[in-house]
Structures are given as structure tokens and as C-alpha cells.
Amino acid sequence: MDNLEHEVMTEIRALRDRVRFVSGSLVSRADGLLIAHDTFGVQPEGMAALSATTLGLSERVAAEAGHGRFQEALVRGAYGYVVTYAAGTYAVLTVLATSDTNLGRLHLEARALADRVGALVDAAEGTARGTLGGWH
1 MDNLEHEVMT EIRALRDRVR FVSGSLVSRA DGLLIAHDTF GVQPEGMAAL
51 SATTLGLSER VAAEAGHGRF QEALVRGAYG YVVTYAAGTY AVLTVLATSD
101 TNLGRLHLEA RALADRVGAL VDAAEGTARG TLGGWH
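Counting in the numbering used here, the sequence shown runs from 1 upward without gaps.
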């Protein structure tokens, strides 16, 4: 496990301790490449690709509506939530939670988590690319 994956894993695993009924989370690059996951019962690579698609579509919707840069998208299913958060310039955080979760608490914790994870990924990507430019 490389350093970035380890640091991201530490962050996303702690989310389960801070928010009841979180059933998993993952971080992927904006292009759909999985960085780290703490999920069970879902295929993480497939969810990472779907998260990147959600990010791209949501960015376009927010821009078209004139509402600024995309921050988060929420999908509510019969049994729970899938929430996708922009995480810096290069990444996306996706959190899975049952319908029993407190959404306010989830957003509070996950927004801060997205900021921390985004900073980690941005630093790693900026170093790897030798640039601070982003994808979106």
C-alpha cells in the first residue's frame, strides 16, 4: 500500500466511527481510478467509475444552472444514501449510508473529510505531474 492510499484509508475508515450507519466509503480520482476504499457488498472499482461519472455530470448540471462549482450530490434509494463529494481538484469521495443515518451529521463529517482527502490527493497529483493544474 503506497503512502497516499494509506493516508486516505486512515481518513475514510475513521468516518465509520464518527457517523452511525455509514456502510462504506471510497475515494477515486476524477477519471474513475480507485485510490482507496472501505466498502463491503459493492464492487469498489465499479463504484469508483460511477462516482467519476456522477462528478462529471453533476459539474455540468451545477454549471448549466449557474450555481457555481459542484460540491456534492445525493442519491436516496429505498434502503439508504449514496453521497458524492468533490474532494479537491483531482478526486471524489463517495459515502454509502443506510437510511437510518443522520444526514446532517453525515454531511458535516464527510464535507470535512472531502477537504482533507482532497488536499492529500491534490498534493500527490501535483507532485506527480509537476503542476498544480486540475482536471475540472
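All C-beta atoms, glycine included, are put in the ideal place defined by N, C-alpha and C.
Report task. Write down every uninterrupted run of the alpha helix (DSSP H) in the segment 59-131 whose length is 4 residues or greater and which is fully enclosed by it, in chain order. Result -> List check, alpha helix (DSSP H) in window: 103-129.
Query raised in the report: Per DSSP, which one or two residues make a beta bridge with Arg29?
Result: Its beta-bridge partners are Ala91.
Query - Where His136 falls, given that 16 or more other Cβ within 10 Å makes a residue buried - result: Bear in mind that a pLDDT of 47 at His136, under 50, signals an unreliable position, so the number given afterwards is only what the model happens to contain. With fewer than 16 other Cβ atoms within 10 Å, it is exposed.
**Report entry** Backbone CA spacing between Val95 and Thr84 [nearest angstrom]
**Finding:** Taking the Cα positions, Val95 is about 7 Å away from Thr84.
Query raised in the report: Would Phe40 be called buried (16 or more neighbouring beta carbons within 10 Å of its own) or exposed?
Result: By the 10 Å Cβ count, Phe40 comes out exposed.
Query raised in the report: Roughly how many whole angstroms lie between the Cα atoms of Leu103 and Thr54?
Result: Computed Cα separation, rounded: 19 Å.
Query raised in the report: Does DSSP put His6 in a helix, a strand or coil?
Result: His6 falls in the helix class under three-state DSSP.
**Report entry** Between the CA atoms of His37 and Leu120 - distance to the nearest angstrom
**Finding:** Going from the Cα of Leu120 to the Cα of His37 covers about 15 Å.
Query raised in the report: Hey, would you say Glu5 sits closer than 7 Å to Leu113, going by beta carbons?
Result: 7 Å or more divides the Cβ of Glu5 from the Cβ of Leu113.
Report task. Report buried or exposed for Gly134, applying the criterion of at least 16 other Cβ atoms within 10 angstroms of its Cβ. Result -> Residue placement at Gly134 is flagged as unreliable, the pLDDT there being 48, under the threshold of 50; the coordinate-derived value follows with that caveat. Exposure of Gly134 is indicated by the presence of fewer than 16 other C-beta atoms within 10 angstroms of its C-beta.
Report task. Confirm, please, whether the CB-CB distance from Ser58 to Ser28 is below 7 Å. Result -> Not a contact, by the Cβ cut-off of 7 Å.
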